[in-house]
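Undergrad: Take the sequence shown: its position 1, counted from the start at 1, is 1 in the UniProt record's numbering, and no numbers get skipped. Heads up, the beta-carbon is just placed ideally off N, CA and C, and yes, glycines get one too. Take this structure, written in structure tokens, and hold onto it; I'll ask about it next.
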Amino acid sequence: MFLSLVLSMVGIGITTLASVEDLDDRRLPIVLRAILRLAGNDTIAVGTRL
1 MFLSLVLSMV
11 GIGITTLASV
21 EDLDDRRLPI
31 VLRAILRLAG
41 NDTIAVGTRL
């Protein structure tokens, strides 16, 4: 599941973001960093308002 989620983020395959709920403590930060990198940002803002 981890690999299919990562591949779907770069356009190979289709996996919903709901599958993030099933990731363990080691793989979740990897996916979060990848999402931030794809968005063009490398910091996580916690508690900020838009």
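Please classify L17: is it buried, with 16 or more other beta-carbons within 10 angstroms of its beta-carbon, or exposed?
TA: To locate residue 17, count along the sequence shown from 1; it is residue 17. Under the 10 Å beta carbon count, L17 is surrounded by fewer than 16 other beta carbons and is classified as exposed.
Undergrad: In three-state terms, what does DSSP make of V20?
TA: Counting from one through the sequence shown, the residue named residue 20 turns up at place 20. For V20, the three-state secondary structure derived from DSSP is helix.
Undergrad: Let's test the definition: count the other Cβ atoms within 10 Å of the Cβ of L32 and tell me whether it reaches 16, buried, or not, exposed.
TA: Here the question's residue 32 lines up with position 32 in the sequence shown. Label assigned to L32: exposed.
Undergrad: Thinking C-alpha only, which one of L36, S4, T43 is nearest D22?
TA: Translated into positions along the sequence shown, residue 22 becomes position 22. The residue with the shortest Cα to Cα distance from D22 is S4.
Undergrad: Got a sec? Which residues, its chain only, sit under 8 Å from L34 by beta carbon, not counting five neighbours each side?
TA: Residue 34 sits at position 34 when you count from the first residue of the sequence shown. Looking at the sequence itself, residue 34 is Ala, so the reference to Leu does not match. Here the set comprises V6, M9.
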